[in-house]
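In full-length UniProt numbering, the protein residues as written are 1 to 83.
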């Protein structure tokens with residue numbers, strides 16, 4: 001049951017850079033990159049809440065479940081992998 005990460009989609013909709021989002025959320029750009037590229041093993045609720053506040057969105061706008069094997073892990077949104 002992989003989880004798709006759509007942070008890049010929201011960044012594009014809000015016309016916001018990774019650096020600006022990292023500053024607003026209070027995490028390093030490197031840690032944000034780990035999260036948005038699907039390499040994070042977990043996300044703190046406080047970080048998720050800060051992302052939602054900074055991007056004016058809901059958690060479901062950033063993360064979504066994609067049917068598949070439990071071992072598939074996290075996937076990056078198709079919009080991200082295409083660009």
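Backbone N, C-alpha and C define an ideal beta-carbon position, used for all residues, glycine too.
#### Entry: Boundaries of the beta strand (DSSP E) in which residue 3 is found, first to last residue
As a working note, residue 3 is residue 3 in the chain shown. 3–5 is the span of the beta strand (DSSP E), which, as asked, contains residue 3.
### Task
Only counting runs of 4 or more residues, tell me where the alpha helix (DSSP H) segments fall wholly within the segment 2–77, in order along the chain.
Within the segment 2–77, the complete alpha helix (DSSP H) segments at least 4 residues long are 7–14, 18–25, 29–36, 45–55 and 59–62, listed from N- to C-terminus.
#### Entry: For residue 66 and residue 4, believed in contact at Cβ under 8 Å, the rounded distance
Numbered from 1 along the chain shown, position 4 holds the residue referred to as residue 4. Numbered from 1 along the chain shown, position 66 holds the residue referred to as residue 66. Sure, about 5 Å apart at Cβ, within 8 Å.
### Query
Among 49, 61 and 18, which one has its Cα closest to the Cα of residue 34?
What you label residue 34 is simply residue 34 of the chain shown in a count that begins at 1. Checked all of 49, 61 and 18; the closest Cα to residue 34 is 18.
### Query
Between residue 8 and residue 36, is the Cβ-Cβ spacing less than 7 Å?
Taking the chain shown and counting its residues from 1, the one referred to as residue 8 is at position 8. Taking the chain shown and counting its residues from 1, the one referred to as residue 36 is at position 36. Contact: yes.
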